[in-house]
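*Asks:*
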Amino acid sequence: MTMFKPGSSTEPTSEIELTLSCRNLLDCDVFSKSDPMCVVYMKTSENSRWSEIFRTECINNSLNPDFMTKVQILYRFEVQQLIKFEVYDVDSHLSDLRSQDFLGFCETTLGHIVSSVTVTLPLKGAKANNKGQVIVNAEELPACHDEVTLHFSGKDLERSDWVAKFFSWVVKAYPFLELYKVGEDGNYQLVYRSEVAHWSNNPTWKPITLPVRSLCGTDFDRDIKIACYHYHSNGNHSLIGESHTSMNKLKCGIGPENDYRCVKPRSEKICGSVRLNHFELRKTFTFLDYIMGGTQINCTFAIDFTASNGDPQDYNSLHYLSNVPNQYEQALVAVGDIIQDYDSDKMFPALGFGARIPPHGNVSHEFFLNLQASDPYCAGIEGVLNAYHHCIRSVQLYGPTNFSPVINHVAKFAQAYQDGSQYFILLIITDGVITDMLHTKQAIIRASSLPMSIIIVGVGNADFESMEELDADTVPLEVNGVRAARDITQFVSFNDFLSYDNPAVAKADLAREVLAEIPNQIVGYMKSKNIIPNNKK
1 MTMFKPGSST EPTSEIELTL SCRNLLDCDV FSKSDPMCVV YMKTSENSRW
51 SEIFRTECIN NSLNPDFMTK VQILYRFEVQ QLIKFEVYDV DSHLSDLRSQ
101 DFLGFCETTL GHIVSSVTVT LPLKGAKANN KGQVIVNAEE LPACHDEVTL
151 HFSGKDLERS DWVAKFFSWV VKAYPFLELY KVGEDGNYQL VYRSEVAHWS
201 NNPTWKPITL PVRSLCGTDF DRDIKIACYH YHSNGNHSLI GESHTSMNKL
251 KCGIGPENDY RCVKPRSEKI CGSVRLNHFE LRKTFTFLDY IMGGTQINCT
301 FAIDFTASNG DPQDYNSLHY LSNVPNQYEQ ALVAVGDIIQ DYDSDKMFPA
351 LGFGARIPPH GNVSHEFFLN LQASDPYCAG IEGVLNAYHH CIRSVQLYGP
401 TNFSPVINHV AKFAQAYQDG SQYFILLIIT DGVITDMLHT KQAIIRASSL
451 PMSIIIVGVG NADFESMEEL DADTVPLEVN GVRAARDITQ FVSFNDFLSY
501 DNPAVAKADL AREVLAEIPN QIVGYMKSKN IIPNNKK
């Protein structure tokens, strides 16, 4: 529930958590089962366009998946919130849904889900042909933002499949853990699934970190089921055994009360045990906690001045200046109008790249938009626009399209402020395919451990598939074995918003899409550095 502020106005909202499952999905794969993923979209009666809000993980070889990741949504009673679920068989690591097999979709309203607690929705669509269902369970989340870290290991775990029956003295298990909570409808809901420990009857799994409210709400006596399975590549995993606990019991830490026997539900046979090795309960903080604690957001704009934009004197150029704002101007204003509220001095550094600049016509991939020698700052968004207008008349568009210099430029400043007092956002507006992809990836990976986020807005009609690779929502960015510490890059195509009839709605939706991941990225950085907001110390 929102904070009480006398003398103000607010709309009543509740935070709702949706748990998703599918049953009887269409099998599109020849030699195995489908690898399903569910994509969630929302729109309201105020907005006729669907907006993607969530993607589950992909579950391999399953026609009846229970998704571990949860959808968290603000429920508003007074607004009809339409919600759509699309199910895909994942055949490609690319985030572009056109690369996946579409299995079907279903639509309902959030109000219907909330009032029913659990709903089963039949999939529709050409391939679905009434084949398969999406099951949605809703639960209101409490305001608690605490996190719990659990670390489990197994001992003497026994396989119970036919292979183990005949070769028990040789074979070992491929065990993994699942944690379940009891939902409001009395049924168990999957909360966590561990990695598979290979060829071991005595595994130690990676530590688990979860929001307390996702595991038990505010009821520390709420039943939690621990289930241990033996992995099968065909998706038909066999249960080794299960046990039950609660948050209050887990709080007791290491000891006999947190040694759990893995019991087969029907036979009551004990097939090993699972032991708690570590328990930690800690308070977490929100984006607003850090903002209200004094964290300043600094936004740097970087504009593509490569020749592929077209001659600025040509009406068809992406840099053509007229009474109607071009796509560069629209993107600057849409994002800048929101960002400037979080910047106390409203002085924005602005860069350009890919042009020949005065006085000698040297090619530069990192120059100040105002063409000053030592001061990149512009006063407000109006100042950025004025600098852009002057710059487009003063430089010669050239190339190539290199991102790494402007990323490294902002990273140098972020390097100096790792205490949580400052957070840096780089907004790159570009029309083309990156030329220095390897160096850009390396620059992003280095920046991923700094207080920094990168937003890329693609304008024009170029093929932006390579940009999806940088927007590592599903596959972490990695070069030569070095992996990004966190996902800091968001890509948005401006063309997705050109079909809007209402420019004001298009501007608002563009800003929402561009900035959607920033709060979580800021919180993610602060958590990684164990930074507490100043007003919470």
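Just so you know, we're using the UniProt record's numbering here: the sequence shown kicks off at 1 and counts up by one.
All residues carry an ideal CB built from backbone N, CA and C; glycine is no exception.
Taking just the CA atoms, how far does F287 sit from I532?
*Replies:* Position 532 of the sequence shown, counted from the first residue, corresponds to residue 532. Position 287 of the sequence shown, counted from the first residue, corresponds to residue 287. For I532 and F287, the distance between alpha carbons rounds to 11 Å.
*Asks:* Would you say the segment 191-206 touches the segment 175-182, given that touching needs at least three Cβ pairs under 8 Å?
*Replies:* As far as the Cβ criterion goes, the segment 191-206 touches the segment 175-182, which means the pair count is three or higher.
*Asks:* Measuring only the C-alpha atoms, how far is S32 from N61?
*Replies:* Position 32 of the sequence shown, counted from the start, is the residue given in the question as residue 32. Position 61 of the sequence shown, counted from the start, is the residue given in the question as residue 61. Their backbone Cα atoms lie some 6 Å apart in a straight line.
*Asks:* Report the partner residues of F348 according to the DSSP bridge assignment.
*Replies:* On the sequence shown, position 348 is the one that residue 348 refers to. According to DSSP, which records beta bridges pairwise, F348 is partnered with C378.
*Asks:* Taking just the CA atoms, how far does V406 sit from S364?
*Replies:* Numbered from its first residue, the sequence shown carries residue 364 at position 364. Numbered from its first residue, the sequence shown carries residue 406 at position 406. The alpha-carbon atoms of S364 and V406 are separated by roughly 11 Å.
*Asks:* Within its chain, find whatever has a CB closer than 7 Å to the CB of D289; leave out the 5 residues flanking it on each side and keep chain order.
*Replies:* The sequence position of residue 289 within the sequence shown is 289, counting from 1. Closer than 7 Å at Cβ, skipping near neighbours: P533, K536.
*Asks:* Exposed or buried, what is R213 when buried is set at 16 or more other beta-carbons lying within 10 Å of its beta-carbon?
*Replies:* Translated into positions along the sequence shown, residue 213 becomes position 213. Label assigned to R213: buried.
*Asks:* Residues in the same chain with beta-carbon distance under 8 Å from E52, minus the five sequence neighbours each way, listed in chain order, please.
*Replies:* Here the question's residue 52 lines up with position 52 in the sequence shown. Within the same chain, E52 has close Cβ partners V39, V40, Y41.
*Asks:* Only counting the same chain, and skipping five residues up and downstream in sequence, which positions put a Cβ closer than 7 Å to that of S453?
*Replies:* Indexing the sequence shown from 1 puts residue 453 at position 453. Excluding positions up to five away in sequence, the list reads I425, I488, I518, Q521.
*Asks:* For E468, which residues from the same chain have a beta carbon less than 8 Å from its beta carbon, with the 5 sequence-adjacent residues on both sides left out?
*Replies:* Stepping through the sequence shown from its first residue, residue 468 is reached at position 468. Only L94, S95, D96, F491 meet the Cβ criterion.
*Asks:* Let me check one thing: in DSSP terms, what residues is P122 bridge-paired to?
*Replies:* Position 122 of the sequence shown, counted from the first residue, corresponds to residue 122. In DSSP, P122 forms a bridge with Q133.
*Asks:* Does DSSP classify C28 as helix, strand or coil?
*Replies:* Start at 1 with the first residue of the sequence shown, and residue 28 comes out as number 28. Note: C28 maps to coil in three-state DSSP.
*Asks:* Taking a contact to mean a Cβ-Cβ separation below 8 Å, would you say Q81 touches G111 in this structure?
*Replies:* Residue 81 sits at position 81 when you count from the first residue of the sequence shown. Residue 111 sits at position 111 when you count from the first residue of the sequence shown. It is a contact, given that the beta carbons lie within the stated cut-off.
*Asks:* Closest by CA to N326, which one among I339, G310, Q340?
*Replies:* Residue mapping note: residue 326 aligns to position 326 of the sequence shown, counting from 1. When only C-alpha atoms are compared, the closest one is G310.
*Asks:* Alpha carbon to alpha carbon, what distance is there between A302 and V523?
*Replies:* Within the sequence shown, numbered from 1, the residue matching residue 523 stands at position 523. Within the sequence shown, numbered from 1, the residue matching residue 302 stands at position 302. So the two alpha carbons sit approximately 24 Å from each other.
*Asks:* Taking 7 Å as the cut-off, is the C-beta of L25 nearer than that to any heavy atom in the ligand SAH?
*Replies:* In the structure shown, the ligand SAH is absent, as is every other ligand, since no ligand is present at all.
*Asks:* Measuring CB atoms only, is the segment 311-322 touching the segment 367-380, in the sense that at least three cross pairs come out at less than 8 Å?
*Replies:* Not touching, per the Cβ criterion.
*Asks:* Under 8 Å: do the segment 381-392 and the segment 409-426 share three or more Cβ pairs, one atom per stretch?
*Replies:* With a cut-off of 8 Å, the segment 409-426 and the segment 381-392 do not count as touching, because too few Cβ pairs lie within range.
*Asks:* Would a C-beta distance cut-off of 8 Å place H230 and S238 closer than the cut-off?
*Replies:* Counting from 1 along the sequence shown, the entry for residue 230 is found at position 230. Counting from 1 along the sequence shown, the entry for residue 238 is found at position 238. For H230 and S238, yes; Cβs fall inside 8 Å.
*Asks:* I'd like the span of the alpha helix (DSSP H) that includes V232, first residue to last.
*Replies:* Walking along the sequence shown from the start, residue 232 turns up at place 232. Just to set this straight, residue 232 is His in the shown sequence, not Val. It is not in any alpha helix (DSSP H) - H232 carries neither H nor E in the DSSP assignment.
*Asks:* How is F4 classed by DSSP in three states: helix, strand or coil?
*Replies:* Residue 4 sits at position 4 when you count from the first residue of the sequence shown. Because F4 carries a pLDDT of 40, less than 50, the predicted location of this residue cannot be relied on, and the following value inherits that uncertainty. F4: coil per DSSP, three-state reduction.
*Asks:* Counting C-beta neighbours from all protein chains within 10 Å, is the total for Q396 16 or more, i.e. buried, or is it exposed?
*Replies:* Start at 1 with the first residue of the sequence shown, and residue 396 comes out as number 396. Classification for Q396: exposed.
*Asks:* Here's the rule I'm using: 16 or more other beta-carbon atoms within 10 Å means buried, otherwise exposed. How should H278 be labelled?
*Replies:* Counting from one through the sequence shown, the residue named residue 278 turns up at place 278. Exposed: under 16 other Cβ atoms inside 10 Å.
*Asks:* For L141, which residues of its own chain have a beta-carbon under 6 Å away from its beta-carbon, when the five flanking residues on both sides are left out?
*Replies:* Translated into positions along the sequence shown, residue 141 becomes position 141. Cβ within range, chain order: E15, E17, R213.
*Asks:* Report all residues from its chain with a CB closer than 8 Å to the CB of F421; omit the five preceding and five following residues, and keep chain order.
*Replies:* On the sequence shown, residue 421 is found 421 positions in, with the first residue counted as 1. Per the sequence presented here, residue 421 reads as Ser, with Phe not at that position. Result list for S421: G294, T295, Q296, in chain order.
*Asks:* Under the rule that 16 or more other beta-carbon atoms within 10 Å means buried, what is E268, buried or exposed?
*Replies:* For the purposes of this step, residue 268 is taken as residue 268 along the sequence shown, with counting starting at 1. Answer is exposed; the Cβ neighbour count stays below 16.
*Asks:* Go to F491, then tell me how far its beta strand (DSSP E) extends in each direction, as first and last residue.
*Replies:* Here residue 491 corresponds to residue number 491 of the sequence shown, with the count starting at 1. Run containing F491: 489-493, per the beta strand (DSSP E) assignment.
*Asks:* Check F279 in the structure and name its three-state DSSP category.
*Replies:* For the purposes of this step, residue 279 is identified with residue 279 of the sequence shown, where counting begins at 1. In the structure shown, F279 sits in a strand (DSSP, three-state: E or B).
*Asks:* First and last residue of the beta strand (DSSP E) that includes residue 539?
*Replies:* Residue 539 is absent from the model: the chain starts at 1 and stops at 537.
*Asks:* In chain order, what are the residue ranges of uninterrupted beta strand (DSSP E) at least 3 long that sit wholly in the segment 136-214?
*Replies:* Qualifying beta strand (DSSP E) stretches, in chain order: 147-155, 175-182, 188-193, 208-211.
*Asks:* Does DSSP put T10 in a helix, a strand or coil?
*Replies:* Translated into the one-based positions of the sequence shown, residue 10 becomes position 10. In this predicted model, T10 has a pLDDT of only 43, less than 50, meaning its place in the structure is not dependable enough to derive any value.
*Asks:* Quick check on this structure: which residue in D436, P451, I445 has the alpha carbon closest to the alpha carbon of S466?
*Replies:* Translated into positions along the sequence shown, residue 466 becomes position 466. The residue with the shortest Cα to Cα distance from S466 is D436.
*Asks:* How far does the beta strand (DSSP E) with Y260 in it reach, from first residue to last?
*Replies:* Taking the first residue of the sequence shown as 1, we reach residue 260 at position 260. First-last of the beta strand (DSSP E) with Y260: 259-263.
*Asks:* Would A511 pass as a contact of A227 if the rule is Cβ separation under 8 Å?
*Replies:* As a first step, residue 511 is located in the sequence shown; it is residue number 511 there, counting from the start. As a first step, residue 227 is located in the sequence shown; it is residue number 227 there, counting from the start. In this structure, A227 does not lie closer than 8 Å to A511 by Cβ.
*Asks:* Could you tell me whether the Cβ atoms of L276 and I254 are closer together than 8 Å?
*Replies:* Stepping through the sequence shown from its first residue, residue 276 is reached at position 276. Stepping through the sequence shown from its first residue, residue 254 is reached at position 254. In this structure, I254 lies closer than 8 Å to L276 by Cβ.
*Asks:* Kindly list the residues whose CB is nearer than 8 Å to the CB of Y342, restricted to its own chain and excluding five residues on each side of it in sequence; keep chain order.
*Replies:* To locate residue 342, count along the sequence shown from 1; it is residue 342. Answer for Y342: I291, Q296, I297, listed in chain order.
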